[in-house]
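In the working numbering, the protein residues as written are 2 to 159. A quick write-up on the structure given underneath.
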């Protein structure tokens with residue numbers, strides 16, 4: 002049994018009847034993969050920030066990088082590829098498009114998510130004058146919907 006099958010079976014254990022009535026299996030798996038990748042992101046960030054970067058500023062000659070930003074830079078490619086792998090092999094496993102094409106599309110979708118997050122936060126906090134925390138919650142919901150739709154109908158389409 003491969004790792005993707007094992008993860009899929011583990012996720013499906015939580016796909017209970019009351020959830021089944023409200024969400025398709027694919028949407029549920031997508032959400033669980035996102036939650037798993039977010040947990041891995043937090044774990045990697047903690048380890049890298051505390052033990053690899055060791056809370057130290059890093060001078061690379063032309064700029065000094067703060068430890069929290071350097072940790073983000075190091076963690077991003079790790080969670081980018083785990084997110085891609087989970088989406089390709091667990092959430093949207095019926096796809097037949099090549100991995101290289103999908104990875105490029107996935108990168109563009111991630112960049113789109115980052116831009117969407119930035120634009121929505123600027124708009125909601127600075128223009129609409131909504132408090133930052135509710136703005137972030139609304140932005141997260143909109144970005145998750147965008148990410149699912151882009152993944153389903155463009156990146157990992159059948």
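Glycine residues also receive a C-beta, built at the ideal position from the N, C-alpha and C atoms.
Straight-line CA distance for residue 50 to residue 27? Locating residue 50 in the chain shown gives position 49, counting from the first residue. Locating residue 27 in the chain shown gives position 26, counting from the first residue. One C-alpha to the other measures close to 34 Å.
What do you get for residue 136, buried or exposed, if any count of 16 or more other CB atoms within 10 angstroms of its CB means buried? Locating residue 136 in the chain shown gives position 135, counting from the first residue. With 16 or more other Cβ atoms within 10 Å, it is buried.
Output the boundary residues of the alpha helix (DSSP H) element that contains residue 10. Start at 1 with the first residue of the chain shown, and residue 10 comes out as number 9. Counting along the chain, the alpha helix (DSSP H) containing residue 10 begins and ends at 4 to 13.
Please go through the same chain and pick out, in chain order, the residues whose beta-carbon is closer than 7 Å to the beta-carbon of residue 111, but skip the five residues on each side of it. On the chain shown, position 110 is the one that residue 111 refers to. Closer than 7 Å at Cβ, skipping near neighbours: 81.
Am I right that residue 125 and residue 109 are in contact with their C-beta atoms under 8 Å? What's the rounded C-beta distance? Position 124 of the chain shown, counted from the start, is the residue given in the question as residue 125. Position 108 of the chain shown, counted from the start, is the residue given in the question as residue 109. Between residue 109 and residue 125 the Cβ distance is about 24 Å, and since that is not below 8 Å, they are no contact.
Identify every residue that forms a DSSP beta bridge with residue 66. Indexing the chain shown from 1 puts residue 66 at position 65. For residue 66, which the question treats as bridged, DSSP gives the partners 59.
Measure the C-alpha to C-alpha separation of residue 12 and residue 97 and round it to an integer number of angstroms. By 1-based counting over the chain shown, the position of residue 12 is 11. By 1-based counting over the chain shown, the position of residue 97 is 96. Taking the straight line joining both Cα atoms gives about 22 Å.
With distance defined between alpha-carbon atoms, name the residue in 133, 53 and 77 nearest to residue 115. Residue 115 sits at position 114 when you count from the first residue of the chain shown. It is 77.
Run through DSSP, which three-state label would residue 25 get? Translated into the one-based positions of the chain shown, residue 25 becomes position 24. Reduced to three states, the DSSP call for residue 25 is coil.
Tell me whether residue 20 is buried or exposed, calling it buried when 16 or more other Cβ atoms sit within 10 Å of its Cβ. To locate residue 20, count along the chain shown from 1; it is residue 19. With fewer than 16 Cβ atoms within 10 Å of its Cβ, residue 20 is classed as exposed.
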